[in-house]
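Single-structure report; data block below.
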Amino acid sequence: MKAHDAFRLIVTICVALSGTVIFELIGFPAAPLTGAAAAISVAAIAGLPVHVPDWLRTTAFVLLGINIGSTVTSEMLQTALNWPITIAILSLSLFVSLQISRLGLERWMGFNSRDSVLAAAPGHLSYVLALSISDNGQTSRIAVVQSVRVLFLTLCVPVLVATVFGASGVILVAQHVLVPWALLLLLGVTLLVGAVFVRLNVPAAYLLAGILCSALGHVFSITPGRPPEVATYLAFLVMGTLIGSRFVGQSLSGLRKDFVAGLWVTAINVVITLLSIALCMSFMGLPPALLIVAFSPGGVEAMAAIAVTLGLDPAFVAAHHVMRLLILTGLIPWMLHAARRNSGVS
974 MKAHDAFRLI VTICVALSGT VIFELIGFPA APLTGAAAAI SVAAIAGLPV
1024 HVPDWLRTTA FVLLGINIGS TVTSEMLQTA LNWPITIAIL SLSLFVSLQI
1074 SRLGLERWMG FNSRDSVLAA APGHLSYVLA LSISDNGQTS RIAVVQSVRV
1124 LFLTLCVPVL VATVFGASGV ILVAQHVLVP WALLLLLGVT LLVGAVFVRL
1174 NVPAAYLLAG ILCSALGHVF SITPGRPPEV ATYLAFLVMG TLIGSRFVGQ
1224 SLSGLRKDFV AGLWVTAINV VITLLSIALC MSFMGLPPAL LIVAFSPGGV
1274 EAMAAIAVTL GLDPAFVAAH HVMRLLILTG LIPWMLHAAR RNSGVS
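FYI, the numbering for the sequence shown is 974 to 1319, going by the numbering used here.
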């Protein structure tokens, strides 16, 4: 790395860290991701040259993929099989929500077919933004739209319910950290699979490789556990930096339009989720509180914590949230491929 690039990288990391610290202090969700993105966005708009080398980007994608895959276990998949009807309704709601939101973004908000899919995604934020970055999409626009959704669903809904009922902490990812040999094995296999995915032109190749290898490692109990906290923290920091760097040349009028687009996506998410809950109540007779925390497309840990405090079934909530992530992991690339095909892009 040249001295000039090294200096720009150091400055970039310092700015990202400052944003992360500020967001940590005010209690903002996913501070390494959102704080770094906010700080770098301001710096990029102000004209500060930001720099993230390819090797660091790839490393972040690998670690994020491994972290996402660590939510998948054989026990979780077995648990999900106990509720086929609600899982089916959840799957349908994700598809319908994505389709309606996408059409509105294309027709009224000026999004192209590929970016509209990513901006309309009802969850899986880091995965969505990683796909956009790897596909050279309009990540700044997608980030604004998704941020509006996340702010409402991650802050308003969980805080409101937690204030009424109270909540304690529950984490859905693996509780223990990967042992060194398992982490090295997982990293090595992920890099190999990622290289194959690159040759096959798979979008976000290293991210998807990390998800696949980590999920299989957990399902077969070969590499149980999650990456060290510091590794995941730094991966989110790099992701936030990559997102913020896409705001170079962004205008305030453009930001306002994208904010309105975010309100549209959020409204559709809320309406479709409520309709899905009503459908599950009519078919299954399940309590609305259980369905609300299980179907909410934001604030996974907060929703699971509320479920425990209310005496609801935490396995039901956890299974539906993990299945939502798995469904979106397959659904979004499929819809992106369809969008490319319809627009004549290979």
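Ideal Cβ positions, reconstructed from N, Cα and C, are used throughout, including at glycine.
Report the option in 1225, 1266 and 1083 whose CA atom is closest to the CA atom of residue 1243. 1266
Sort 1016, 975 and 1185 by Cα distance to residue 991 and report the nearest one. 1016
Using three-state DSSP, classify residue 1150 as helix, strand or coil. strand
Just curious, the alpha helix (DSSP H) that residue 1119 is in, first and last residue? 1112-1123
Are residue 1093 and residue 1074 touching if we call contact CB-CB under 7 angstroms? yes
Let me know the secondary structure DSSP gives residue 1199 once reduced to three states. strand
Applying the criterion that 16 or more other CB atoms from any shown protein chain within 10 Å of the CB defines a buried residue, is residue 1051 buried or exposed? exposed
Is the separation between the beta-carbon of residue 1321 and that of residue 1213 shorter than 7 angstroms? Outside the displayed span of the chain (974 to 1319) sits residue 1321, for which this structure offers no information.
Going by other Cβ atoms of all chains shown within 10 Å of its Cβ, with 16 needed for buried, is residue 1106 buried or exposed? buried
Would you report the Cα separation of residue 1042 and residue 1119, rounded to the nearest angstrom? 22 angstroms
Looking at the structure shown, is residue 1077 part of a helix, part of a strand, or coil, going by DSSP? helix
Quick one: using the 10 Å Cβ neighbour count with 16 as the cut-off for buried, is residue 1253 buried or exposed? buried
Environment of residue 1054 [buried if 16+ CB atoms lie within 10 Å]: exposed
So, does the region 1178-1193 touch the region 1160-1167, judging by three or more C-beta pairs under 8 angstroms? yes
Taking a contact to mean a Cβ-Cβ separation below 7 angstroms, would you say residue 1260 touches residue 1036 in this structure? no
Reference residue 1040; option with closest CA among 1097, 984 and 997: 1097
Measuring straight from C-alpha to C-alpha, what distance separates residue 1046 and residue 1192? 5 angstroms
How big is the Cα-Cα spacing for residue 1270 and residue 1294? 8 angstroms
When the Cα atoms are used, what is the spatial distance from residue 1088 to residue 1110? 6 angstroms
Here's the rule: buried if 16 or more other CB atoms are within 10 angstroms of the residue's CB, otherwise exposed. What is residue 978? exposed
To which residues of the same chain is residue 1188 closer than 7 angstroms at the C-beta, ignoring the five residues directly before and after it? 1042 and 1045
Could you give the DSSP three-state label for residue 975: helix, strand or coil? coil
Return the residue from the list 1071, 1217 and 1116 that minimises the CA-CA distance to residue 1301. 1071
For the region 986-1038, which segments carrying the beta strand (DSSP E) assignment without a break, of at least 3 residues, lie completely within its bounds, in sequence order? none
If you run the structure through DSSP and keep just helix, strand and coil, what is residue 1054? coil
Can you tell me where the alpha helix (DSSP H) holding residue 1242 begins and where it ends? 1225-1257
How big is the Cα-Cα spacing for residue 1012 and residue 985? 10 angstroms
At the 7 angstroms Cβ level, is residue 1090 part of the contact set with chain D, yes or no? Absent from the structure is chain D; it holds one protein chain and no more.
Count the other CB atoms, across all protein chains shown, that sit within 10 Å of the CB of residue 1314; report buried if there are 16 or more and exposed otherwise. exposed
Have a look at residue 983 and residue 1010 and give me their C-alpha separation to the nearest angstrom. 16 angstroms
Hey, how far is the Cα of residue 1171 from the Cα of residue 1310? 16 angstroms
Quick check on the burial criterion: 16 or more other C-beta atoms within 10 angstroms. Buried or exposed for residue 1014? buried
Taking a contact to mean a Cβ-Cβ separation below 7 angstroms, would you say residue 1122 touches residue 1246 in this structure? no
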